[in-house]
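Each residue of the sequence shown is one higher than the one before, counting from 219 in my numbering. Okay, structure first, notes after.
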Amino acid sequence: MVFKERKSREKGVIEEDRLLELHVYPGNFCNRDCSFCTVFGSPKGWYTEYTIEHLEATLKTVCLHENGTLKFYGGEPTLNHENVIWAIHYLREKGFRGSVVIYSNGIQAERLLQILDADPLDKTTASLNYSIATGDGASQMPKRSLQMLEAYELDHPGTIAIGHPDIVDSGRGVNPFTGEETRPVINSKCPRCYPVLTTEGKFHACPFAVENKAPHFQLGDAMATPAQISTNFKAFLNWLDTVHEPFAVEHNLPACTVCQQHLHQLPVPSFEGKKD
Ligand SMILES: C[S@@+](CC[C@H](N)C(=O)[O-])C[C@H]1O[C@@H](n2cnc3c(N)ncnc32)[C@H](O)[C@@H]1O
Ligand code: SF4
Ligand code: SF4
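Structure below.
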């Protein structure tokens with residue numbers, strides 16, 4: 219395999235009320251409907267474009283310096299690549315100097331490469347869906363797409379990575395998964411991902427659970443102050459340590475199963491200000 223896995227970076231970093239990383243999410247509209255998909259991706263999914271209001275809220279929440287990272291996912295970002303390219307240009311014009319990662323299934327390879335080539339700072343990379351790149355757990359992307367992406371990676375080493383093979387019990391979860399049994403499905407500790415800003419204007423605490431509307435995840439809306447979002451994210455991380463993980467350990471459950479099936483048994487984190 220030409221593509222390499224990337225190491226994840228330090229979790230929970232907040233500098234002067236700005237998050238080191240933020241996910242942006244325009245809905246779960248997708249050209250696939252993977253059996254395990256954490257966001258219920260589907261051709262029948264919802265979708266709302268990135269707008270100036272959404273990107274302004276993004277710019278006040280994430281670190282703008284070289285180490286800041288914005289992660290575009292979905293759904294499938296290549297289904298409206300023009301809007302993604304416009305969003306990256308807007309972020310650059312407004313001073314975002316960090317890196318951008320596009321999570322994609324790679325099927326629309328030509329469009330994905332257009333997104334990667336469009337960044338004036340040349341700091342946009344891709345991360346491919348493990349199952350669709352390898353054929354383990356989903357049907358593999360067309361050969362032509364794979365060849366195009368492999369050739370690009372060989373020409374631009376480190377630009378196109380492959381996602382982690384692990385699947386978590388969120389969204390459609392682990393039960394319908396039909397891939398190799400060698401893929402790990404049990405994770406007792408929350409990976410503590412950075413939050414998401416959806417194009418519906420909500421800050422959600424978890425990119426895997428973004429379609430879960432429970433109050434436990436609602437950090438605030440796009441009008442919230444950066445201080446409120448960072449305070450609420452710290453409250454969420456504290457809740458993971460003091461409430462969620464002890465419950466998972468006590469009941470011998472994978473971390474995401476607790477969020478998927480047991481939140482009604484757990485108190486909501488102590489959030490400040492407007493929550494939904
Ligand atoms: C939700 S997808 C959206 C972007 C794009 N459609 C894709 O598949 O890469 C983002 C990432 O989440 C991963 N993913 C989806 N369901 C998952 C699950 N149940 N557990 C772990 N990762 C999952 C996908 O493999 C992909 O790498
Ligand atoms: S994992 Fe990605 S490609 Fe598969 S259905 Fe979900 S959003 Fe679509
Ligand atoms: S344990 Fe909960 S918060 Fe952590 S990744 Fe899983 S669904 Fe998200």
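Built from N, CA and C at the ideal position, the CB exists for glycine as well.
Own chain, CB closer than 7 Å to residue i, minus 5 neighbours either side, in chain order
i: P444; result: D235, R236, K278, T279
i: Y265; result: P244, G245, F247, G293
i: E429; result: N246, V257, F258, G389
i: T396; result: S253, G355
Alpha carbon of residue i to alpha carbon of residue j, nearest angstrom
i: L458; j: E490; result: 17 Å
i: D494; j: N285; result: At D494 the pLDDT is 44, less than 50, meaning the model places this residue with poor confidence; the figure from the coordinates comes in the next sentence. Whole-angstrom Cα-Cα distance: 30 Å.
i: A356; j: M219; result: 17 Å
i: R315; j: D251; result: 34 Å
i: E418; j: I270; result: 13 Å
i: F221; j: V318; result: 18 Å
i: E398; j: L364; result: 20 Å
i: H462; j: F421; result: 20 Å
i: Q446; j: E223; result: 34 Å
i: C339; j: C477; result: Reading off the sequence shown, one finds Leu at residue 339, where the question assumed Cys. Distance between the alpha carbons of L339 and C477: 38 Å.
i: C411; j: I303; result: 25 Å
i: P433; j: S260; result: 25 Å
i: K407; j: N470; result: 11 Å
Integer-rounded CB distance, given that residue j should sit under 8 Å from residue i
i: V392; j: T256; result: Incorrect: roughly 10 Å between the Cβ atoms, too far for contact.
i: Y321; j: S349; result: Their Cβ separation, rounded to whole angstroms, is 13 Å, which puts Y321 and S349 out of contact at 8 Å.
i: L297; j: N347; result: With a Cβ gap of about 14 Å, L297 and N347 do not count as contacting.
i: K289; j: H241; result: 5 Å
i: M359; j: N323; result: 7 Å
Opening and closing residue of the alpha helix (DSSP H) in which residue i lies
i: L367; result: 361 to 373
i: T348; result: The question names Thr, yet the displayed sequence has Tyr at residue 348. Per DSSP, Y348 belongs to the alpha helix (DSSP H) from 348 to 352.
i: S357; result: It is not in any alpha helix (DSSP H) - S357 carries neither H nor E in the DSSP assignment.
Host beta strand (DSSP E) of residue i (start-end)
i: K278; result: Taken as a continuous stretch (DSSP letters only), K278 belongs to no beta strand (DSSP E), being part of the alpha helix (DSSP H) at 270 to 279.
i: A423; result: Unbroken run through A423: none, as it is neither H nor E.
i: F451; result: Segment 444 to 457 is the alpha helix (DSSP H) holding F451; no beta strand (DSSP E) there.
i: L437; result: 436 to 439
Where residue i falls, given that 16 or more other Cβ within 10 Å makes a residue buried
i: G263; result: buried
i: G438; result: buried
i: N450; result: buried
i: Q436; result: buried
Beta-carbon proximity list for residue i, same chain, < 6 Å, skipping 5 on both sides
i: L343; result: It is worth fixing the name first, because residue 343 is Thr in this sequence and not Leu. Closer than 6 Å at the Cβ level, and outside the excluded window around T343, lie V319, T377.
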